[in-house]
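Only one structure is covered here, and it is reproduced in the block below.
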């Protein structure tokens with residue numbers, strides 16, 4: 005895995021995100037902090053420690069081509085329901101050099117384990133990824 009955890013402070017919040025799977029889905033209703041987290045990662049990726057972070061969203065030009073150029077990266081995709089096509093999902097499934105954090109609801113076509121499903125959890129000013137209970 006590229007990162008076992010990502011930790012940073014964005015006052016007044018402290019983010020401690022642990023990853024146990026190569027594919028992590030961050031799910032949740034609107035206004036639960038997913039897009040805010042994405043925005044914080046835009047700055048964090050400029051640091052030496054987190055330089056392997058690559059961010060994609062609906063504003064990304066040539067998304068499909070740029071995704072295929074990634075190798076050994078921590079890839080974050082916001083609005084995955086809109087962006088991901090079948091060929092992208094195949095790339096995600098079979099190019100195991102990358103690690104992914106995906107913001108999406110529909111996970112059809114992705115090879116996931118029960119540990120892949122998470123939600124953002126806030127406890128006071130501490131934000132973590134909580135494993136979501138998924139029925140097998």
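In my numbering, the protein residues as written are 5 to 140.
Cβ coordinates follow ideal geometry from the N, Cα and C atoms, glycine included.
- Message: Could you check whether residue 124 and residue 6 sit closer than 8 Å to each other, using their CB atoms as the reference points?
- Response: One thing to note: residue 6 has its Cβ no nearer than 8 Å to the Cβ of residue 124.
- Looking only at C-alpha atoms, which of 97, 105, 101 sits nearest to residue 113? Nearest to residue 113 by C-alpha distance, out of 97, 105, 101, is 97.
- Query: Around the C-beta of residue 84, are 16 or more other C-beta atoms found within 10 angstroms, so that it is buried, or is it exposed?
  - Reply: buried
- Task: Given a cut-off of 8 Å, decide if residue 104 and residue 131 are closer than it, judged by their beta-carbon atoms.
- Result: no
- Can you give the Cα-Cα distance for residue 115 and residue 46, rounded to whole angstroms? 27 Å
- Message: Considering just the uninterrupted stretch of the alpha helix (DSSP H) at residue 126, what are its terminal residues?
- Response: No alpha helix (DSSP H) holds residue 126; the beta strand (DSSP E) holding it covers 121-127.
- Whole angstroms is fine: what's the gap from residue 100's alpha carbon to residue 126's? 30 Å
- Query: Can you give the beta carbon distance from residue 120 to residue 27, rounded, assuming they're within the 8 Å contact cut?
  - Reply: 5 Å
- Message: Is it buried or exposed, residue 92, if we count other Cβ atoms within 10 angstroms and call 16 or more buried?
- Response: So residue 92 ends up on the buried side.
- Query: Name the DSSP beta bridge partners of residue 21, please?
  - Reply: 10
- Query: In chain order, what residues of the same chain have a beta carbon less than 8 Å from the beta carbon of residue 37, not counting five sequence neighbours either side?
  - Reply: 124, 126, 131
- Message: Buried or exposed for residue 58, going by 16 or more other Cβ atoms inside 10 Å?
- Response: If you draw a 10 Å sphere on the C-beta of residue 58, you find 16 or more other C-beta atoms in it, and that means buried.
- Query: Taking Cβ to Cβ, would you say residue 102 is nearer than 8 Å to residue 75?
  - Reply: yes
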